[in-house]
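Here's the structure, in structure tokens; my notes come after.
In the working numbering, the protein residues as written are 12 to 435.
Structure below.
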């Protein structure tokens, strides 16, 4: 199913911006009448979203002591958390509260009766008006809102200006020919040009590179076309060359940890990720954070200046016929998505959130997050990432097909054939 792309307004004044551990009250006994909301999530720990989510959960629990308690069920890896949620949904036992990626595969959850319908609540007290209309429209299926938009993806090319300057590259390349020239210059100084990966649930970094290229060749409506469109094969050919000449030796099979570590340790000069990674690089590689800039991908076709962006993360809750439990869950939803708390999440992590909030002169906006806002403002169009428009099994095939093309030296047409077969 083709899903319409929504455009989020990236404006600073109203910015849009496997073991299990349990936190948020731990194993203490439940008070009489207390509603416990369990949340399995990878938004835990000391990096990324972990600290601010911990703060918000503690504050909410203190406000509702003895009445409502949110408990974090920790899954340090995103893929592990998603697997747990998919398994529970498939078994007809959704978590009390959870995050997921709304797409062609997960839209079916709306039809099962497993998810809480929030449509009426959003019409009360102007709650629904706080969300970006486009993001909320994506979350509305057959007139029902059974999940709320939480996080927006915008994934430009990240590049290290210090390494570029050392290689004699004055500015980020705007065409694919300029890109190959820049890549060769980086190799001459002993720096691998790009971080890539075929591992993980979706070959994340390479999936984003490929989407940038497909958008440049095929334009904003390229995902509306069949896999036999020339854009998909041409983009695959460029990816093959990147893997053969301009990425790390461990890219085949590498996961997000390896891909990001290469960039953060200046072993690679270019990387792709979203704003949620800002706090990670700021805290763990401050010198690299200071010299990182963002750019559109080089033009490989008739289109340039676009960005890969879509609704990345949605929040949902288990349906319940218990009025007290329903009210408790809605209170948690409202607290988590209140503009003040969205602002704390956005500024704390660097993420772009589809809820408007005010930025004042006293607010410390990360300069890299500011670049994300500008990248969104300047984009000629946004194109969905593959996982927003393709079923899960097709997304999973991407890394396999890319690996096969590179390792077996297959022509790009064979990559397309593998993707087409997965989609049929």
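The beta carbon of each residue, even a glycine, is placed where N, CA and C say it ideally should be. Only a predicted model underlies this, so the values are computations on that prediction, with no experimental measurement involved.
Cα-Cα separation between residue i and residue j, rounded to whole angstroms
i           : j           : result
residue 311 : residue 233 : 14 Å
residue 392 : residue 166 : 13 Å
residue 318 : residue 219 : 10 Å
residue 262 : residue 415 : 13 Å
residue 427 : residue 48  : 44 Å
residue 360 : residue 115 : 28 Å
residue 148 : residue 70  : 30 Å
residue 299 : residue 274 : 8 Å
residue 335 : residue 130 : 18 Å
residue 103 : residue 202 : 50 Å
residue 121 : residue 370 : 35 Å
residue 253 : residue 199 : 16 Å
residue 388 : residue 227 : 18 Å
Own chain residues within Cβ distance below 7 Å of residue i, not counting five before or after
i           : result
residue 190 : 184 and 309
residue 173 : 302
residue 345 : 138
residue 339 : 46, 48 and 79
residue 194 : 204 and 257
residue 352 : 67 and 346
residue 1   : The structure shown does not extend to residue 1, since the chain is modelled only from 12 through 435, so no value can be given for it.
residue 51  : 84, 86, 92, 95, 96, 106 and 109
residue 133 : 139 and 156
residue 171 : 277, 280, 299, 302 and 303
Beta strand (DSSP E) segment containing residue i, residue limits
i           : result
residue 84  : 79 to 85
residue 108 : 108 to 111
residue 47  : 46 to 52
Neighbourhood of residue i by C-beta, 8 Å cutoff - its chain only, sequence neighbours within 5 removed
i           : result
residue 356 : 60, 63, 64, 67, 362 and 364
residue 211 : 90, 266, 267 and 410
residue 240 : 229 and 233
Residue i at chain C interface by Cβ criterion, 8 Å
i           : result
residue 272 : No chain C appears in this structure, which consists of one protein chain only.
Contact set for residue i: own chain, Cβ-Cβ below 6 Å, skip 5 residues either direction
i           : result
residue 406 : 213, 397 and 398
residue 34  : Confidence in residue 34 is poor, its pLDDT being 47 and thus under 50, which makes the residue's placement unreliable; the coordinate value appears in the next sentence. So the qualifying residues of the chain are 83.
residue 250 : 221
residue 197 : 178, 204 and 280
residue 321 : 164, 395, 396 and 399
residue 259 : 203 and 273
residue 127 : 328 and 330
residue 296 : 275
residue 307 : 316
Continuous alpha helix (DSSP H) stretch holding residue i: start and end
i           : result
residue 348 : 334 to 348
residue 406 : 403 to 418
residue 70  : 61 to 74
residue 429 : 423 to 434
Touch check for the segment 269 to 288 and the segment 190 to 209: three-plus C-beta pairs under 8 Å?
yes
Is the number of C-beta pairs between the segment 243 to 257 and the segment 328 to 343 that are closer than 8 Å three or more?
no
Count the C-beta pairs between the segment 375 to 383 and the segment 96 to 106 that are closer than 8 Å, then say yes if the count reaches three, no if not.
Judged by Cβ distances under 8 Å, the segment 375 to 383 makes no contact with the segment 96 to 106, as fewer than three pairs qualify.
Of all the alpha helix (DSSP H) runs that stay within the bounds of the segment 163 to 250, which reach a length of 4 or more residues?
Entirely contained in the segment 163 to 250, the alpha helix (DSSP H) runs reaching 4 residues are, in chain order, 172 to 177, 187 to 199 and 215 to 229.
Counting only runs of 4+ residues fully inside the segment 258 to 329, write out the alpha helix (DSSP H) ranges in chain order.
267 to 275, 289 to 295 and 297 to 301
Report the start-end ranges of each beta strand (DSSP E) in the segment 94 to 163 that is 3 residues or longer and not cut off at the edges.
Restricted to the segment 94 to 163, the beta strand (DSSP E) segments that are unbroken, complete and at least 3 residues in length are 108 to 111, listed in chain order.
Which runs of the beta strand (DSSP E) spanning at least 3 residues fall entirely within the segment 349 to 399, listed in chain order?
none
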